[in-house]
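Numbering (my numbering), first residue to last: 12 to 130. First up is the structure itself, then whatever we jot down about it.
Now the structure itself:
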């Protein structure tokens, strides 16, 4: 999977939310308000919350979540080592299947590094 494939996954998230926002505006609006409230910096930083979300995405086997929260964690200042460590915590808690979801994590890291010229 290259950078373009990761961007396709991220675009699918955007398209889903747009479609659901039109077809189910009350529900998506409520979710969006909840999301904004949760991600607001309080006791945890955005970086810390994105690393937690990444680990949960890996533990649940959600590729879209892995790509999105890898991107968001990097944007919030997370380092590659922190992303991998968050992934390993997911493996610790969720076992072997989560280990296989480090594959999309590594692909996402590679894609975002290429996108930002950090090869």
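Using N, Cα and C, we set each Cβ at its ideal position, and we do this for glycine too.
Please tell me whether residue 83 and residue 61 are closer than 8 Å, where the distance is taken between their beta carbons. As a first step, residue 83 must be located in the chain shown, where it is residue number 72. As a first step, residue 61 must be located in the chain shown, where it is residue number 50. Cβ atoms of residue 83 and residue 61: closer than 8 Å.
Contact set for residue 115: own chain, Cβ-Cβ below 6 Å, skip 5 residues either direction: Locating residue 115 in the chain shown gives position 104, counting from the first residue. Once the five neighbours on either side are set aside, the close Cβ partners of residue 115 are 74 and 77.
If you measure between the beta carbons of residue 119 and residue 70, is that distance less than 8 Å? Looking up residue 119 in the chain shown gives position 108. Looking up residue 70 in the chain shown gives position 59. Between residue 119 and residue 70, the CB-CB gap reaches or exceeds 8 Å.
Residue range of the alpha helix (DSSP H) that residue 14 falls in? Taking the chain shown and counting its residues from 1, the one referred to as residue 14 is at position 3. Per DSSP, residue 14 belongs to the alpha helix (DSSP H) from 14–34.
Looking at C-alpha atoms only, which residue of 87, 33, 19 and 20 is the closest neighbour of residue 10? Since the first residue of the chain shown is 12 and the last is 130, residue 10 is not available in this structure.
Give the straight-line distance between the Cα atoms of residue 112 and residue 27, rounded to the nearest whole angstrom. Along the chain shown, one-based indexing puts residue 112 at 101. Along the chain shown, one-based indexing puts residue 27 at 16. Counting only the Cα atoms, residue 27 lies some 22 Å from residue 112.
Quick one: measure Cβ to Cβ for residue 58 and residue 97, integer angstroms, because I've assumed they're closer than 8 Å. For the purposes of this step, residue 58 is taken as the residue at position 47 of the chain shown. For the purposes of this step, residue 97 is taken as the residue at position 86 of the chain shown. Separation of the CB atoms of residue 58 and residue 97 is rounded to 10 Å, and the pair is thereby denied contact status at 8 Å.
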